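These notes concern the structure reproduced below.
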Ligand code: KG4
Ligand code: ZN
């Protein structure tokens, strides 16, 4: 069978990324230009600056990706792009580039939902086996999803308020850790002990999550200790916080696997880079005979390889867009 090459474009937040993936599983060339250093000065992503930087970099990143692959646009079968959700000004840059390339080179245009991309980052590890449960944990999402086949997404639960990554970033701020706080809170947690009393959030019979209560508990604890003139043991607080997050995510996910009688689990999204989460799930899945896949660290946070991979499955499922594809800031996968 002839090989299929998808060029993917991702620009939904603060990474300008372009990738070429072969047959939905082999990363031929990926370029990621992160704006993290610029935004860390402001303590978070500044949308206006982010979209301007995407404009400056998108053509350079496309050219570099093709050069690295030693390929030309003529050899590409289709162009996949993140159309949403994300920062609208940022999405517009990627969608603008993709529609232009699609028009000039007469290639099919494939719309990819950002979360479908995160899920398909797992296909770069090994071919996803169905049925599966996907735990999506990112800066904007916390979802439990059931998939019985490629490109079929059924939500079984999700966060009622903050996403887990958002919660990490807010806890980081109160601990005085610079943006993006998630990876540093993870590092602190691994150096500390679980000594602080914090609630296990939304420990109920549903598959939903709620992280705002845990976030507020950490913030209140820090403020109260500061008012009393006590010093916070940052490593211990990070460890106590991380343990509650890992506990509730693993408890509900393992229950979902049992109730849905599913033996395959994939974890996706930026927070899947978390060591506590990776270690705990690895151990639990081993004990329970579950086949676990977590993306390689470089594919956990935003990148275009995941978009090209998801794009391949959208392409073979005949999901295509017209040249008037719209970038959409809020769009559901379900
Ligand atoms: O998937 P992603 O790159 O962007 C979104 O689609 O939201 O996820 C970014 C989120 C940020 O909140 C970041 O702090 C978090 O993932 N994150 C982590 C870790 N690495 C990234 N959170 C906890 N532990 C980590 N090691
Ligand atoms: Zn993401």
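Numbering (the working numbering), first residue to last: 450 to 783.
Where is the CB? At the ideal position from N, CA and C, for every residue including glycine.
Note that the coordinates shown come from a computational prediction; the quantities given were computed from them, not determined experimentally.
query                                                                                                                                                   : result
From residue 553 to residue 668, what does the alpha carbon distance come to, in whole angstroms?                                                       : 52 Å
Hey, residue 473 and residue 762: beta-carbon distance below 8 Å or not?                                                                                : yes
When the Cα atoms are used, what is the spatial distance from residue 688 to residue 647?                                                               : 11 Å
Quick one: using the 10 Å Cβ neighbour count with 16 as the cut-off for buried, is residue 558 buried or exposed?                                       : buried
For the putative contact between residue 584 and residue 698, defined by C-beta atoms under 8 Å, what is the C-beta separation to the nearest angstrom? : 7 Å
Any idea if residue 766 is buried or exposed, counting beta-carbon neighbours within 10 angstroms, 16 or more meaning buried?                           : exposed
Taking Cβ to Cβ, would you say residue 478 is nearer than 8 Å to residue 468?                                                                           : yes
Within the stretch 505 to 584, note down every full beta strand (DSSP E) run reaching 3 residues or more, in order along the chain.                     : 527 to 533 and 558 to 562
Looking at residue 535: is its Cβ nearer than 8 Å to the Cβ of residue 778?                                                                             : yes
Quick one: what does DSSP say residue 775 is sitting in, helix, strand or coil?                                                                         : coil
Looking at the strands, I want to know which residues DSSP matches up with residue 595.                                                                 : 582 and 603
Okay, do the stretch 628 to 640 and the stretch 710 to 729 touch, 3+ Cβ pairs below 8 Å being the bar?                                                  : yes
Could you check the C-alpha separation between residue 488 and residue 463 for me, to the nearest Å?                                                    : 8 Å
Let me check understanding here. Comparing Cα to Cα, which of 550, 643 and 592 lies closest to residue 512?                                             : 550
In whole angstroms, what separates the C-alpha of residue 609 from that of residue 450?                                                                 : 45 Å
From residue 576 to residue 471, what distance separates their C-alpha atoms?                                                                           : 13 Å
Tell me which residue opens and which closes the alpha helix (DSSP H) that residue 702 is part of.                                                      : 683 to 708
Going by CA-CA distance only, name the one from 453, 703, 690 and 744 that's closest to residue 643.                                                    : 690
Counting along the chain, where does the beta strand (DSSP E) carrying residue 470 start and finish?                                                    : 464 to 471
With a threshold of 7 Å, establish whether the CB of residue 538 neighbours any heavy atom of ligand 1.                                                 : no
My understanding is that residue 784 touches residue 526, with C-beta atoms under 8 Å, so please give their C-beta distance in whole angstroms.         : It is not possible to answer for residue 784, since the shown part of the chain is limited to 450 through 783.
Using 7 Å as the cut-off, classify the Cβ of residue 488 as near or not near the heavy atoms of ligand 1, replying yes or no.                           : no
Let's test the definition: count the other Cβ atoms within 10 Å of the Cβ of residue 772 and tell me whether it reaches 16, buried, or not, exposed.    : exposed
Name all residues in chain order for which at least one heavy atom of ligand 1 lies closer than 5 Å to the residue's CB.                                : 587, 588, 589, 614, 617, 618, 629, 631, 632, 635, 718, 719, 720, 722, 723, 750 and 751
Below 6 Å CB to CB, which residues in the same chain sit around residue 760 once its five sequence neighbours on both sides are set aside?              : 455, 457, 529, 559 and 561
Taking the alpha-carbon of residue 629 as reference, which of 614, 640 and 641 has the nearest alpha-carbon?                                            : 614
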